[in-house]
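In case it helps, the numbering used here puts the sequence shown at residues 159 to 313. All C-beta atoms in this analysis are idealised placements derived from N, C-alpha and C, irrespective of residue type, glycine included. Written out below as structure tokens is the structure these notes cover.
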Amino acid sequence: MEILQQLGELFLESVPTIVIVLLFYFFLKWSFFGPIQKAMADRSAKIEGAKAEAAAAEADAQKELGSYEEALRKARVEIFTQQEEVRKVVLEERAKLLRTMRARVQEDVAAAKLRIEKEFMAAKKEVELQTPALAGEIVRGILNHPLSSPGGGLP
159 MEILQQLGEL FLESVPTIVI VLLFYFFLKW SFFGPIQKAM ADRSAKIEGA KAEAAAAEAD
219 AQKELGSYEE ALRKARVEIF TQQEEVRKVV LEERAKLLRT MRARVQEDVA AAKLRIEKEF
279 MAAKKEVELQ TPALAGEIVR GILNHPLSSP GGGLP
């Protein structure tokens, strides 16, 4: 029976320790673990809220990016259309300028042909007028010039 008595005494001696440990447990739960769990729950809620906000912001950004890309595509098409119109105007002006220059050149060529024709006709008349005189000079030169020279050959 002595063992039971020793166990009883040990139990009675351990009761204050058990009570102190239990009080310490409840005190820590109330002052330390409770606020930490509350802070962790708040943190988790904020993280989830931030994730939801980030997902919403990303979705909005994707929508804005899509609208931006669509606006950019429309702007590019508009710019290309304007460039095409300007290019057509420039090509039309160029063609008009070429036609004008071609007409001017053709007029210049026609005028040059007329001038050359007139010069040719004037030169032809002059040659026809001078032909009898030149022929006479040639004949006189041949007739006045002896056929043989003292050296025995033609001059």
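Distance from the CA atom of GLU206 to the CA atom of ALA215, rounded to whole angstroms, is 14 Å. In the three-state reduction of the DSSP assignment, MET198 falls in the helix class, which pools H, G and I.
Counting along the chain, PHE184 sits inside the alpha helix (DSSP H) bounded by residues 160-186. Between the alpha carbons of LYS283 and GLY294 lies a gap of roughly 18 Å. In its chain, beyond the 5 residues on either side, no residue has a beta carbon closer than 6 Å to the beta carbon of ALA217.
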